[in-house]
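Before any comments, here is the structure.
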Amino acid sequence: MTEVRPNSCGRPELPVPSIVDYRPVSTLVTAEHKVPRAKFPVVDYHGHPQQLLNTPEGLASLIKSLDSLNVRLMMVADAMTGDRLKRAADAINASPYRDRVRVLAGLSLQGVGSPGWSERAVAQLEADVKAGAVGVGEIMKGFGLSIRKADGSRLRIDDPALEPLWEACARLNLPVFIHTADPAEFFQPIDYKNERWLELSLFGDRRYQSEQYPRFEELIAERDHLFKSHPKIKFITAHLGWQANDLGTFSKLLDAAPNVYSEVGAVLYDLGRQPRAAHDFLVKYQDRILFGKDSFQPEEYPYYWRVFETRDEYFDYYRPYHAFWKLYGLDLPDVVLKKLYYQNALKLTPAAPQSGWPR
Ligand SMILES: [Zn+2]
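So the sequence shown is numbered by this note's numbering: it starts at 3 and just counts up by one.
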């Protein structure tokens, strides 16, 4: 049954399609401006090129894709460390593309609390920086959600045992790129009011309803405490902190902690459904937000350019199971686009290639 008049329900006479079958085609005729290449060169701070780094041919094909999108620099956020990181950094340096890719280092969070852990973890980070890492990242979502300490308890994001590692990040002047939690809906009951019901049904590993997981609010509180208690470290919280659907709350963190930056990967559906609020947010915090894409699918980047650069209305998002709604362009001014696309990333990352960018 469904409401057809106030307080009056009707039953559809035709067979009701399932959620995966109903795909109405919009009849709206309006201006379309596809944007295959970004207007200014871009730093992708949330790169996961994975196996493309392993061979010269893979690297060449990565660069070819990045060229077609106008992404000039990719930060590899695969949390590499040790030999793996050194191999990747050496391969990039030996290639013709040395200024096109940089690597971030993962932190060794396993075994926190066991004897000698902090000395080993700090020494590893120092070695990774020597090998070419220009920052820390991505600290993956398991931090807070599932990583355990040596005694079996959950490693809290603001656990004091991590202090030596944070001190090292501050001393080495490394930006720290950190993914905390996941969309709040992943922690909520999986019912027909949940905006991510279809996604939760498709992906079993995104369900955090059971007791073994902390609540979303708990993770956010620990994260904010970590950020506020380490003002010397520049933190970049991935995915707009998973608060792009509540920019007012997220703004409070940015206002309270000037050392906090963020990145827009995988939350385009939330910016594009509130074009006026998202425009004003990105203008107000224009010095604090970086571009990042996350999952490396070259055909998905142009959706970001279109949302950021155009005034287009009511167009599709690239993953129907994330968002049952359409997107709208934010029409950001050039000065904001440049900061979002590359200037903020370069400022935060002194070891990134700094020359040859437009002024
Ligand atoms: Zn990531």
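The beta-carbon is built from N, C-alpha and C at its ideal position, and this holds for glycine as well.
Is residue i buried or exposed, if buried means 16 or more other CB atoms sit within 10 Å of its CB?
| i | result |
| --- | --- |
| P362 | The requested residue 362 does not occur in the structure, where the chain is confined to residues 3 to 361. |
| P58 | exposed |
| C11 | exposed |
| L362 | Look at the range of the chain in this structure, 3 to 361, and you will see that residue 362 is not part of it. |
| I364 | Nothing about residue 364 can be reported from this structure: the residues present for the chain run from 3 to 361 only. |
| D80 | buried |
| F205 | exposed |
| E311 | buried |
| R13 | exposed |
| G118 | exposed |
| L106 | buried |
| L16 | exposed |
| R74 | buried |
| V337 | exposed |
| P162 | exposed |
| M82 | buried |
| D226 | buried |
| T239 | buried |
| M3 | exposed |
Going by CA-CA distance only, name the one from the options that's closest to residue i.
| i | options | result |
| --- | --- | --- |
| L200 | G294, A186, D85, H324 | H324 |
| D184 | R208, L167, A172, T251 | R208 |
| L242 | A172, I291, A163, N196 | I291 |
| D160 | L350, G294, A223 | A223 |
| F370 | S20, G250, S155, V124 | Lying outside 3 to 361, the shown extent of the chain, residue 370 is not represented and no answer is given. |
| M142 | V136, V178, S155 | V178 |
| H232 | R173, Y287, Q288 | R173 |
| Q299 | A90, S116, A268 | A268 |
| D130 | A91, D193, Y343, E220 | A91 |
| L350 | G60, R39, V136 | V136 |
| S155 | S116, A170, A125 | S116 |
| D248 | D296, L61, E187 | E187 |
| K36 | Q345, P304, G358, L332 | P304 |
| F229 | S63, N196, C171 | C171 |
| N72 | L176, K340, Y24, G108 | K340 |
Using DSSP's beta-bridge definition, name the partner residues of residue i.
| i | result |
| --- | --- |
| S110 | According to DSSP, which records beta bridges pairwise, S110 is partnered with nothing at all. |
| S10 | R7 |
| I291 | S264 |
| F317 | L329 |
| S297 | H50 |
| V44 | V73 |
* To do: Give, in chain order, every unbroken run of the beta strand (DSSP E) that is at least 3 residues long and sits entirely within the stretch 221 to 282.
  => 237 to 239, 262 to 265
* Uninterrupted alpha helix (DSSP H) stretches inside the stretch 133 to 183 (no shorter than 4 residues) -> 144 to 147, 165 to 173
* Tell me the start and end of each unbroken alpha helix (DSSP H) in the stretch 49 to 121 that is at least 4 residues and wholly inside, in chain order. => 58 to 71, 84 to 96
* Quick one: complete alpha helix (DSSP H) runs, 4+ long, within the stretch 330 to 358? -> 336 to 340, 346 to 350
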